[in-house]
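A.B. asks: Residue numbers (UniProt numbering), protein chains in the order written: chain A, 1 to 89; chain B, 1 to 432; chain C, 1 to 470.
Please see the structure below; I have some questions.
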Ligand SMILES: [Zn+2]
């Protein structure tokens, strides 16, 4: 069973805004879905390698980078070649 | 040699998010053929939204590998098709750009998440289209719209430029009105790409010829298990009888890992998605964050307003499945279950050449029919095993039930796309 | 109160390209966001591909530091949200790192060697760089430069076995020298070695100090933090387990406050990158001569002291420089380079690579010939270094000596100067006569000053003695 508080906690970890009304809705849905996922409890063993291969590499060769204009073309209000973001401190 | 294709059709089913009315094309096997591309594949200079509000206005500076191959084969890319936001859905209703309607019945959904591509092909707007398939997103809409769709083996088509939903599961693949066009488009996009570390160097696809006689086709009982619509089951069983009439040997078999497949699929895909979708903060591209807020406020706000409900549900569930204390219970177990599915396929493919069954357990949903997420997820039960194992699978029209198209799914061995396409061609043409 | 210190050192590998894309890592002189591609900008749909050279460099370090390289290792995603992290996850290694164990030997407090054990070494990508701008709650914002995004790093984690800031500095000096000898690291690149430290007083909670961006700052940061913790213990205040940031400019650590998001990194294996199976490569990796071996060779080959040998081999460029200039006169080159030149360079914050070795060698020859006093030779050296710093072509020592009249002269030519100094310092002369030690040194100093160092102090002392005897 997950509670509304559990869902709120996950929303904090995932840094994603959730309304109170949604919290109610998600909690109910999550319980149904997680109950269904419970079928995995009977699976033996733990994390297995997702990959079927190892050692995939590229050589240390320089490739052209994007032009500064291309880097900035989807960003809002770039400044002197920098990309702008909200304050972090 | 450069020419321009003029696309002057309306889009009555809302199959497209972006239409390119004038599309340049060159020489090659697809010269001058209009091709539609699902909107989660990066196209240089053409807005690419993944069906999401959060990416509205994003113009990629680069082409995905499949797009590069399409262009060099001479195709005219005439637009970007509608989809469930970031590929998360089975109906194409979870799009910030409105639902797509099923050309076979406009009151129905086309299936998803590549519903726009399927509708564009099924309604004849384009001969072929690219979709992507993470847990059935090509095969489902192919089945619901009555066309052909192929999910290639994992590693066959470069994922470079495919905007990730669940990296370890998904592939780009073709949708077309018939098997020959599907195989043609597949032959163009298949191939090794050093920019995708999971891409494989394999022999190129072989020329297509109808071939089914003597093939051993396994039919797992679980493919007709609980939840499969009886009319759909009967249409598919008669389709399998036609395969037998064409000379195939039908071998009943069993796939016990099916019990875990759906849960393993959803846990894996949601976990990967929760990580993949963290980057949409509006800083480098996409809807810009509120510059008056502090970073975490702005970030959490943009993820609230920019993502639709299903995407947020999956991000939260995926974050939960990876979080401290739960990873061993969910993510780790899902990987172990995934291994069981792979092993089941490997065991079956020692005695059969391919597997057959219904693509979907039902026909196309009515628009707005289902709002409960879990019952929606259950509809993917027959398509997800191929993604978990990385084997190729296709859907080919097989008749109708409830007056709606039904797809036959063929699942092949790793890298045996040619074999299932040849079988599908024989089935489609009714000759071996 | 026993101090316990463990370090986590991030070192940029000097590959030509970034860890997962082909962007050049040489962005030092270029503007922001000029060495960025769809991959390291984290554009939707892009995929990482591992730079083989970075893995080889990391393995080189693992071998040199005596680590065990497991059969399999893998990259994992560390998920957190910050504007310098364009994918919202850092590709790093979690429970399957590239290398485990290993150690570094440092000079112990009372002589001999002390072994500091390592926990692990793993590979990861560097985030971008943030610049904080504006003021006021609504006016502040962040500027981001992704040139650094994706530069390969190794993180070296030590066991908590260092017992003082001085030991930590020795450890880092040794580590830095080793990384340089291995040719995998560029010490002149700003921020190429960054340190986080875990510090505790035995019996109390542990504090993590992050953000020590220059390795020189480590000793200061550790000393501050230890003093702070000891002070709290004395005042019976409780030390809380926390993360603190080192403020380089102020030389203090400040609490990072728990207002920051609660972290749950949700690690999982990176689905886009195949695991590494590289333990068999270790055998084929040839290591160059490392600092310890070179130190021993210097002692043997040049007959110099262990202290000089340790100092000279403690920096690759310095060791190379010494070997270029020492031929035929190690007994002069060793003390001059280790004691005098190094001090002058540190004072000027000047790299040894800028010292013109032709000029330096010529100066050592003048010293060897005895044509200048040590004092004058230092003056010549300073002049040469200053000329280099100012971007001028340095003059040859012989030219400078002649121009400034610094040639060492025979003692007898200074008799007059000595006599007048004695006359002007009657009090000191009286002190000397009454047997006061130190008076003679003062008088010698006065003569040296009057002759601007051209005289040999021993010679002057003798002349003073002679004159006062009369
Ligand atoms: Zn790059």
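Glycine included, each C-beta is placed from N, C-alpha and C at the ideal position.
Model, not experiment: these values are computed from the prediction.
#1: Find the nearest neighbour of residue 308 of chain C within the set C/123, C/91 and C/340, judged by alpha-carbon distance.
#2: How close, in whole Å, do the beta carbons of residue 67 of chain C and residue 193 of chain C come, if the pair is a contact with beta carbons under 8 angstroms?
#3: Evaluate residue 227 of chain B with the Cβ neighbour count: other Cβ atoms within 10 Å of its Cβ, from every protein chain shown; 16 or more gives buried, anything less gives exposed.
#4: DSSP three-state label for residue 257 of chain B, please.
#5: Nearest by alpha-carbon distance to residue 200 of chain B: which of B/156, B/340 and B/127 is it?
#6: Identify whether residue 259 of chain C lies in helix, strand or coil by the three-state DSSP scheme.
#7: For ligand 1, is there a heavy atom less than 7 angstroms away from the beta-carbon of residue 150 of chain C?
#8: So residue 148 of chain B packs on residue 175 of chain B, CB below 8 angstroms; how close in whole Å?
#9: Thinking C-beta only, is residue 310 of chain C closer than 8 angstroms to residue 180 of chain C?
#10: Relative to ligand 1, is the shortest distance from any of its heavy atoms to the C-beta of residue 341 of chain B smaller than 7 angstroms?
#11: Quick one: does residue 61 of chain B have its CB under 8 angstroms from some CB of chain C?
#12: Does chain A have any CB closer than 8 angstroms to the CB of residue 227 of chain B?
#13: Any heavy atom of ligand 1 closer than 7 angstroms to the CB of residue 16 of chain C?
#14: Can you name the residues that DSSP bridges to residue 409 of chain B?
#15: Quick one: is residue 81 of chain A near chain C, going by C-beta distance under 8 angstroms?
#16: Check this for me: beta carbons of residue 299 of chain B and residue 81 of chain C, under 8 angstroms apart or not?
#17: To which residues does DSSP link residue 107 of chain C through a beta bridge?
#18: Between the Cα of residue 361 of chain C and those of C/343, C/334 and C/345, spot the shortest distance and give me the residue it belongs to.
#19: Report yes or no: is there a C-beta of chain A within less than 8 angstroms of the C-beta of residue 416 of chain B?
#20: Sort out for me which residues DSSP pairs residue 92 of chain B with in a bridge.
#21: Would you please state the rounded distance, in angstroms, between the beta carbons of residue 66 of chain A and residue 37 of chain C? I believe it to be under 8 angstroms.
#22: What does the alpha-carbon distance come out to for the pair residue 143 of chain C and residue 130 of chain C?
#23: How would you list, in chain order, the residues of chain B whose beta-carbon sits under 7 angstroms from the beta-carbon of residue 79 of chain C?
#24: For residue 209 of chain C, name the three-state secondary structure that DSSP assigns.
#25: Residue 192 of chain C CB to nearest chain A CB: under 8 angstroms?
#26: DSSP beta-bridge partners for residue 360 of chain C?
#27: Residue range of the beta strand (DSSP E) that residue 196 of chain C falls in?
#28: Go through its chain and collect everything with a Cβ distance to residue 356 of chain B's Cβ below 6 angstroms, but skip five positions before and after it.
#29: What's the gap between the Cα of residue 275 of chain C and the Cα of residue 11 of chain A?
#30: Going by the beta-carbon positions, is the gap between residue 414 of chain B and residue 391 of chain B smaller than 8 angstroms?
#31: Specify, as a first and last residue, the run of the alpha helix (DSSP H) that residue 335 of chain C falls within.
#32: Using CA atoms only, rank isn't needed, just tell me which of B/123, B/208, B/17 and B/246 is closest to residue 422 of chain B.
#33: At a CB-CB cut-off below 7 angstroms, which residues of chain B make contact with residue 272 of chain C?
#34: If I measure Cβ to Cβ from residue 83 of chain C and keep anything under 7 angstroms in the same chain, skipping five residues before and after, which residues do I get?
#35: Quick one: what does DSSP say residue 87 of chain C is sitting in, helix, strand or coil?
#36: Say whether chain C places a C-beta atom closer than 8 angstroms to the C-beta of residue 54 of chain A.
C.D. replies: On the basis of the coordinates in this document:
#1: For the purposes of this step, residue 308 of chain C is taken as the residue at position 308 of the third chain. With distances taken between Cα atoms, residue 308 of chain C lies closest to C/340.
#2: For this step, residue 67 of chain C is matched to residue 67 along the third chain. For this step, residue 193 of chain C is matched to residue 193 along the third chain. Contact doesn't hold; Cβ gap of about 18 angstroms is too wide.
#3: Against the second chain, residue 227 of chain B aligns to sequence position 227. It counts as exposed.
#4: In the second chain, residue 257 of chain B corresponds to position 257, counting from 1. The answer is coil: DSSP assigns residue 257 of chain B none of H, G, I, E or B.
#5: Walking along the second chain from the start, residue 200 of chain B turns up at place 200. The shortest Cα separation from residue 200 of chain B among B/156, B/340 and B/127 belongs to B/156.
#6: On the third chain, position 259 is the one that residue 259 of chain C refers to. Note that residue 259 of chain C scores a pLDDT of 46, beneath 50, so its modelled location is shaky and nothing firm can be said.
#7: Looking up residue 150 of chain C in the third chain gives position 150. The answer is yes for residue 150 of chain C.
#8: By 1-based counting over the second chain, the position of residue 148 of chain B is 148. By 1-based counting over the second chain, the position of residue 175 of chain B is 175. Confirmed, Cβ separation roughly 7 angstroms.
#9: For the purposes of this step, residue 180 of chain C is taken as residue 180 along the third chain, with counting starting at 1. For the purposes of this step, residue 310 of chain C is taken as residue 310 along the third chain, with counting starting at 1. The answer is no: Cβ separation not under 8 angstroms.
#10: Indexing the second chain from 1 puts residue 341 of chain B at position 341. Residue 341 of chain B Cβ: outside cutoff for every heavy atom of ligand 1.
#11: To locate residue 61 of chain B, count along the second chain from 1; it is residue 61. Yes, residue 61 of chain B counts as interfacial toward chain C.
#12: For the purposes of this step, residue 227 of chain B is identified with residue 227 of the second chain, where counting begins at 1. Taking Cβ atoms only, chain A never reaches closer than 8 angstroms to residue 227 of chain B, which makes this a no.
#13: Here residue 16 of chain C corresponds to residue number 16 of the third chain, with the count starting at 1. No, the Cβ of residue 16 of chain C stays beyond 7 angstroms of every heavy atom of ligand 1.
#14: In the second chain, counting from the first residue as 1, residue 409 of chain B sits at position 409. DSSP, once it has assigned bridges, lists B/357 and B/395 as partnering residue 409 of chain B.
#15: In the first chain, counting from the first residue as 1, residue 81 of chain A sits at position 81. Closer than 8 angstroms: yes.
#16: Sequence index remark: in the second chain, residue 299 of chain B carries index 299 (1-based). Sequence index remark: in the third chain, residue 81 of chain C carries index 81 (1-based). Contact flag set, yes.
#17: Your numbering for residue 107 of chain C matches position 107 in the third chain. DSSP lists C/113 as partners of residue 107 of chain C.
#18: One-based indexing of the third chain puts residue 361 of chain C at position 361. Answer by Cα proximity: C/334.
#19: In the second chain, residue 416 of chain B corresponds to position 416, counting from 1. No, no contact with chain A.
#20: As a first step, residue 92 of chain B must be located in the second chain, where it is residue number 92. According to DSSP, which records beta bridges pairwise, residue 92 of chain B is partnered with nothing at all.
#21: In the first chain, residue 66 of chain A corresponds to position 66, counting from 1. In the third chain, residue 37 of chain C corresponds to position 37, counting from 1. About 6 angstroms; that satisfies the 8 angstroms criterion.
#22: Walking along the third chain from the start, residue 143 of chain C turns up at place 143. Walking along the third chain from the start, residue 130 of chain C turns up at place 130. About 6 angstroms.
#23: Taking the first residue of the third chain as 1, we reach residue 79 of chain C at position 79. Ordered by position in chain B, the residues that pass the 7 angstroms Cβ test against residue 79 of chain C are 275 and 278.
#24: Along the third chain, read from residue 1 onward, the residue named residue 209 of chain C stands at position 209. It is a strand residue.
#25: As a position in the third chain, residue 192 of chain C is number 192, starting the count at 1. Judged by the 8 angstroms Cβ criterion, residue 192 of chain C is not in contact with chain A.
#26: Here residue 360 of chain C refers to the residue found at position 360 when the third chain is read from its first residue. For residue 360 of chain C, which the question treats as bridged, DSSP gives no partner whatsoever.
#27: Taking the third chain and counting its residues from 1, one reaches residue 196 of chain C at position 196. Residues 193-201.
#28: Within the second chain, numbered from 1, the residue matching residue 356 of chain B stands at position 356. Answer for residue 356 of chain B: 217, 219, 240 and 410, listed in chain order.
#29: As a first step, residue 275 of chain C is located in the third chain; it is residue number 275 there, counting from the start. As a first step, residue 11 of chain A is located in the first chain; it is residue number 11 there, counting from the start. Each residue's Cα considered, the two are about 31 angstroms apart.
#30: In the second chain, counting from the first residue as 1, residue 414 of chain B sits at position 414. In the second chain, counting from the first residue as 1, residue 391 of chain B sits at position 391. Going by C-beta atoms, residue 414 of chain B is nearer than 8 angstroms to residue 391 of chain B.
#31: For the purposes of this step, residue 335 of chain C is identified with residue 335 of the third chain, where counting begins at 1. Per DSSP, residue 335 of chain C belongs to the alpha helix (DSSP H) from 330-335.
#32: What you label residue 422 of chain B is simply residue 422 of the second chain in a count that begins at 1. Per the Cα distances, B/208.
#33: Taking the first residue of the third chain as position 1, residue 272 of chain C is located at position 272. Those within 7 angstroms of residue 272 of chain C in chain B are 167, 197 and 198.
#34: By one-based count along the third chain, residue 83 of chain C stands at place 83. Counting only Cβ-Cβ distances below 7 angstroms, and skipping sequence neighbours, we find 130, 142 and 144.
#35: In the third chain, counting from the first residue as 1, residue 87 of chain C sits at position 87. Of the three classes helix, strand and coil, the one that applies to residue 87 of chain C here is coil, per DSSP.
#36: As a first step, residue 54 of chain A must be located in the first chain, where it is residue number 54. Chain C contact via Cβ: present.
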